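Those letters in the sequence shown? Residues 63 to 388, by the numbering used here.
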Amino acid sequence: MKKMVILAGLLSCIGITAQAQDTKTEEPKGKAIVQVFGNFHTGFGAQNDDRGFELERSYFGYEYNFGKGLSAKAVMDIGKSSNVDDYQRIAYIKNAMVAWKRGNLTLNGGLISTTQFNFQEKFWGYRYIMKSFQDEYKFGNSADLGISVAYKFADWISADAIIVNGEGYKKIQKIDGLNYGLGLTLTPVKGFQIRVYGGLNESGDESKKSIVNLAAFAGYKHDKFTIGAEYNQMWNAGYADNANQYGYSVFASAKVAKFADIYARFDDLYSNDDWSIAKDERAAILGAQFKLGKYVKIAPNFRVSMPKVDGAKSAYSAYINCYFGF
């Protein structure tokens, strides 16, 4: 109840301070959303048998702007099951939401994108090649059912709050608890941004522990290059007591031509007392991206995964990722 009061107070303050600005009359308009992620990959050494073409994910949807800051969006996500024995494609509703923007205030409701790692994902910029750290290692969900609010207090500071079910967009709610999050984004100088985020995902069960997330990110984006680093902690993963995970990710990219850039990234995931040693790893990726016109990207890259469990060998692989979208 205390958390609800705090969040309600924040929403009230933001609503009171929102500026009622006159806006130009907008003509209602809509646009289709199409994004397709695919790849060809091959492993080396012990991973030599892992090779083939893969259609990783497809997004199809529509977004409509009604004017006066009001818009709606619906997106289908067609991907693969997390069950390794299930080879069938599964379709989900990724977004079914309404958004309203007035001045510096933005409100979202419905099946919305979450704010836990959305900022980092956009800063990384290569989602079709590899998910951002928290998404890759299941620290949270990219979309969920609920509401969010964001307010830009000044050019250098903005804040956001979110309340969602906590199960993500692939499952219906079966736990009574909710997932609360607060974020703060700072831009002290042009191009340099800092973001901190804290979240609490209630277990809804007295026999289980609530999940707590903390994330800190800093990055600099220039016309010619981008660098970024994030540190993440998750307490009570899977609602299990003292099942904590930690990790960091550093990345950089540089534009080498109008149609080409190069990128590199290193991740390190670990757990307290090695309770999740079978999944703990260090991972690195190095590659290039080529833009073939306005809608197509191709990104050859080389990857290495270094498991931390005793006796496990590093896995090496080469990918050619492809993106089509508008």
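Glycine residues also receive a C-beta, built at the ideal position from the N, C-alpha and C atoms.
Just so it is clear, the structure is predicted and the values come from calculations on it, not from any experiment.
Contact set for residue i: own chain, Cβ-Cβ below 6 Å, skip 5 residues either direction
i    : result
L244 : A223, G260
E183 : R189, S194
Q83  : Interpretation of Q83 is limited by its pLDDT of 43, a score under 50 that renders its predicted location unreliable; no figure is taken from the coordinates.
F115 : F102
I256 : L248, A280
F106 : Y378
Q196 : F179, G202, N294
Q141 : For clarity, residue 141 is Gly in the given sequence; the question names Gln instead. The residues are R119.
K353 : F321, K359
Residues sharing a beta bridge with residue i, DSSP
i    : result
L240 : Answer is none; L240 lacks a bridge partner.
W186 : In the DSSP output, where bridge partners are listed per residue, W186 has none listed.
I409 : This structure leaves residue 409 out entirely; the chain is present only between 63 and 388.
I219 : A216, L248
Q295 : L276, Y308
Q196 : Answer is none; Q196 lacks a bridge partner.
Residue closest to residue i, alpha-carbon to alpha-carbon, out of the options
i    : options                : result
A314 : N306, N334, A291, K320 : A291
G100 : G228, Y121, D111, Q109 : Y121
L207 : G239, F185, S220, D197 : G239
I219 : Y199, P250, Q235       : P250
E89  : Y126, V98, R113, L117  : Y126
A374 : V358, R344, K252       : R344
D336 : F328, N306, G355       : N306
V258 : E264, S376, L246, K142 : L246
G300 : K270, Y325, Y154       : K270
G253 : N227, I289, T176, G349 : I289
K370 : V358, G171, G387, S338 : S338
F388 : Y199, I225, A158, G355 : G355
K233 : N383, G187, M159, I155 : I155
M159 : G129, A340, G171, Y199 : G171
D303 : D267, I347, E229, N383 : D267
G131 : W162, R151, L117       : W162
Y308 : T104, G129, Y199       : Y199
I191 : D372, Q97, M368, A340  : Q97
Nonlocal neighbours in the same chain, by C-beta distance under 7 Å from residue i, ignoring five residues either side
i    : result
F201 : N275, N294, M296
Y124 : G92, A94, I95, A136
Integer-rounded CB distance, given that residue j should sit under 8 Å from residue i
i    : j    : result
K286 : K320 : Wrong, their Cβ atoms sit about 12 Å apart, outside the cutoff.
N203 : Y231 : 7 Å
D323 : Y332 : That belief does not hold up - the Cβ atoms of D323 and Y332 are roughly 30 Å apart, past 8 Å.
L173 : Y213 : Between Y213 and L173 the Cβ distance is about 22 Å, and since that is not below 8 Å, they are no contact.
V363 : L348 : Reading off the sequence shown, one finds Asn at residue 363, where the question assumed Val. Confirmed, Cβ separation roughly 6 Å.
Q351 : Y381 : Wrong, their Cβ atoms sit about 12 Å apart, outside the cutoff.
Sequence-distant residues of the same chain with beta carbon closer than 8 Å to residue i, five excluded per side
i    : result
S272 : G239, L262, N263, E264, S265, N298, Y301
H284 : G253
Margin query: I'd like the ranges of any alpha helix (DSSP H) spanning at least 4 consecutive residues and lying wholly in the segment 236-284.
Written below: If we require 4 residues or more, the segment 236-284 turns out to have no alpha helix (DSSP H) run fully inside it.
Problem - 3 or more residues per run - each beta strand (DSSP E) lying fully within the segment 352-386 - result: Within the segment 352-386, the complete beta strand (DSSP E) segments at least 3 residues long are 358-369, listed from N- to C-terminus.
Taking only runs of the alpha helix (DSSP H) that begin and end inside the segment 297-326, which ones reach a length of at least 4 residues, in chain order? None, since the segment 297-326 contains no complete alpha helix (DSSP H) of that length.
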